[in-house]
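Before any comments, here is the structure.
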Amino acid sequence: MIFCIPEFLSYPIFNNMISNAIKNYLKDKPFHAVDLKAVLFDMDGVLYDSMSNHAAAWVKTMSGLGVPFSAEEAYLHEGRTGEGTINIAFQRAFGRSVTKEEAAKIYGIKSACFNDCPQAEVMPGIVELLKKVKAAGLQPMLVTGSGQKSLLDRLNMHFPDTFKRELMITADDVIHGKPHPEPYLKALQKGRFKPEEAIVVENAPLGVESAHRAGIFTVAVNTGPLNDRVLFDAGADLLFADMPSFCDNWEALWSALKTTRKE
Numbered sequence: 231m232i233f234c235i236p237e238f239l240s241y242p243i244f245n246n247m248i249s250n251a252i253k254n255y256l257k258d259k260p261f262h263a264v265d266l267k268a269v270l271f272d273m274d275g276v277l278y279d280s281m282s283n284h285a286a287a288w289v290k291t292m293s294g295l296g297v298p299f300s301a302e303e304a305y306l307h308e309g310r311t312g313e314g315t316i317n318i319a320f321q322r323a324f325g326r327s328v329t330k331e332e333a334a335k336i337y338g339i340k341s342a343c344f345n346d347c348p349q350a351e352v353m354p355g356i357v358e359l360l361k362k363v364k365a366a367g368l369q370p371m372l373v374t375g376s377g378q379k380s381l382l383d384r385l386n387m388h389f390p391d392t393f394k395r396e397l398m399i400t401a402d403d404v405i406h407g408k409p410h411p412e413p414y415l416k417a418l419q420k421g422r423f424k425p426e427e428a429i430v431v432e433n434a435p436l437g438v439e440s441a442h443r444a445g446i447f448t449v450a451v452n453t454g455p456l457n458d459r460v461l462f463d464a465g466a467d468l469l470f471a472d473m474p475s476f477c478d479n480w481e482a483l484w485s486a487l488k489t490t491r492k493e
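So that you can map any letter, position 135 of the sequence shown is 365 in the working numbering, and since no number is skipped, the others follow by simple counting.
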């Protein structure tokens, strides 16, 4: 069942859709409710409007290697580690896996291309959403497949006293990147949270799949060009059209999470 929240719905219908999404999530779980204590955020496309830069950097880097690679493919690979993305492209183009040394060199070129792009802006609505999350006494955590130092270094400047380094999961912290559940399972482990004590905010199908496989209630925010269906097929429990819509309706979700239980 699909639970997509358009902006024009009346509040009773809207709130009912949220409650139904939570009940649907709880159906096959060994727990009866979501006892929310933490909100796990992806970075690119969630905290920063950076995915168009990533896509441009990947296309430029791969074309320089003679590897066909489209901007749409970059969005579909979003959340995967850089080495994982390069390896898939190499297997398709050359019929072999990339070596560690090759992957490091290519990712360095991609990072340089990314840094040459205009600086990614903070995603509209995210600052206000984080204020609400913190005001509710919840722990924000970062779970990203990126190792892009230029963005990671900006976190405390744009989101002061929000993301603790010791609670972050980046590409350097995992063996298996998204869509494997390891990134989100490691985040739960680091924060000492159970799956029913967290929700995930994602914009990418691989990230949604990773969170879904980790057993966490997953909110997809479609900040990119992909069809909503791709995010639902990946396992999203609830979908918003953009970050401001999610921010505006945070209170409704927070209230439903506190009161909705498995029937």
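Think of the CB as a built atom: it goes at the ideal place given N, C-alpha and C, for glycine as much as any other residue.
Since this is a predicted model, take the numbers as computed values, not measurements.
Item: What would DSSP say about Asp274, mapped onto helix, strand or coil?; Value: strand
Item: Who are the near neighbours of Gly309 in its chain, counting only those whose CB is closer than 6 Å to its CB and skipping five residues on each side?; Value: Gly375, Lys408, Ala434, Leu436 and Gly437
Item: Please name the residue, chosen from Ala263, Asp391, Asp402 and Asn457, that lies closest to Gly314 on a Cα-to-Cα basis.; Value: Asp402
Item: Whose C-beta lies closer than 6 Å to the C-beta of Asn246 among residues of the same chain, with five residues either side of it excluded?; Value: none
Item: Ignoring anything shorter than 3 residues, give me the beta strand (DSSP E) runs that lie fully in the stretch 429-493, in order along the chain.; Value: 447-451 and 468-470
Item: Going by the CB atoms, is the gap between Ala466 and Thr490 shorter than 8 Å?; Value: no
Item: What number of angstroms, rounded off, separates the C-alpha of Thr311 from the C-alpha of Lys424?; Value: 25 Å
Item: Could you work out which residue in Asp274, Ala286 and Glu302 is closest to Asn457 when comparing CA atoms only?; Value: Glu302
Item: Do you know offhand how far Ala444's Cα is from Ala268's?; Value: 15 Å
Item: Suppose you measure from the CA of Glu427 to the CA of Pro260; what does that come to, to the nearest Å?; Value: 13 Å
Item: Rounded to a whole number of angstroms, what is the C-alpha to C-alpha distance between His262 and Ser249?; Value: 13 Å
Item: Would you identify the three-state DSSP class for Pro390, choosing helix, strand or coil?; Value: coil
Item: Quick one: what's got a C-beta closer than 7 Å to Gly421's C-beta in the same chain, skipping five residues either side?; Value: Ala268, Gln369, Met371 and Leu397
Item: Report the residue from Asn317, Met281 and Ala342 whose alpha carbon sits nearest the alpha carbon of Glu331.; Value: Asn317
Item: For the stretch 347-363 against the stretch 468-488, are there 3 or more C-beta pairs whose distance is under 8 Å?; Value: yes
Item: Within its chain, find whatever has a CB closer than 6 Å to the CB of Ala323; leave out the 5 residues flanking it on each side and keep chain order.; Value: Val297
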